[in-house]
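A quick write-up on the structure given underneath.
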């Protein structure tokens, strides 16, 4: 919707949209699990990406062991730096969501952190976004970070850090499941148009549809 007059949430009924679903920000998990179980296109893509990352990690570990550059001890020691890399990637991941929201035309983006359920989310308050731009917002961190980590695996000569980045790639892909579940929901909707927006004050996200 960039470059057009922004659609406000209160405009949606007059444009023929009806409310389809509400999502509480403090209770994301049941909603996400529901659309993980429904194997739409994007969940299949996530599964394929996960399998590819497992195979990449296994192939890398096997190659390094055959070249006598790694052993099982080194592989185990790579887990801790991988977790540290993943931790450092969390703000980068959310910043990339925010950047994509800004590109889509969102005037402001904020973040929520739920330490109890261990998730972070970028929110564009009252910014109505349609299906295709929402795909871009959701997938940008996955694509950008995956490319960066794969490049790192092949450019770095240190076996420990090669393994750590390959582990981090797998862990980051696993952590992107929520993003894939959200766009899986919009892709599975049969209606012609699907839009969504966040309401920070109410702690809710809303999905509206139009036939």
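In the numbering used here, the protein residues as written are 50 to 260. Using N, Cα and C, we set each Cβ at its ideal position, and we do this for glycine too. Being a predicted model, the structure only gives us computed values, none of them experimental.
No Cβ-Cβ contact shorter than 7 Å links residue 227 with residue 74.
If one requires a minimum length of 4 residues, the alpha helix (DSSP H) runs lying completely within the region 177-260 are 180-204, 208-224 and 226-237, in chain order. About 6 Å separates the Cβ atoms of residue 186 and residue 153, confirming a contact at the 8 Å cut-off. Counting C-beta pairs closer than 8 Å gives fewer than three between the region 240-256 and the region 207-225, which falls short of the contact rule. Classified as exposed, residue 162 has fewer than 16 neighbouring CB atoms from the shown chains inside 10 Å of its CB.
Residue 236 has its alpha-carbon roughly 21 Å from the corresponding atom of residue 56. Residue 202 holds the alpha-carbon nearest to the alpha-carbon of residue 107 among 202, 224 and 256. When the Cα atoms are used, residue 166 and residue 72 turn out to be separated by approximately 16 Å. When C-beta atoms of the region 167-174 are compared with those of the region 193-211, fewer than three pairs fall below 8 Å, so the two segments do not count as touching. Per DSSP, residue 106 has no beta-bridge partner at all. Under the three-pair Cβ rule at 8 Å, the region 99-118 does not count as touching the region 137-156. Beta-bridge pairing by DSSP links residue 174 to 247.
Residue 136 counts as exposed, since fewer than 16 other beta carbons sit within 10 angstroms of its beta carbon. With distances taken between CA atoms, residue 212 lies nearest to 126 out of 140, 126 and 151. The shortest C-alpha to C-alpha distance from residue 80 to any of 230, 260, 259 and 249 is the one to 230.
Linking residue 109 to residue 121 through their CA atoms gives a straight-line distance of about 13 Å.
Excluding the 5 residues flanking it on each side, residue 87 has same chain C-beta neighbours closer than 8 Å at 233 and 237, in chain order. Assignment of residue 158 by DSSP, reduced to helix, strand and coil, places it in the coil class. Here residue 150 is buried. Its C-beta has 16 or more other C-beta atoms within 10 Å. Under the criterion of beta carbons closer than 8 Å, residue 105 and residue 215 qualify as touching, at roughly 6 Å.
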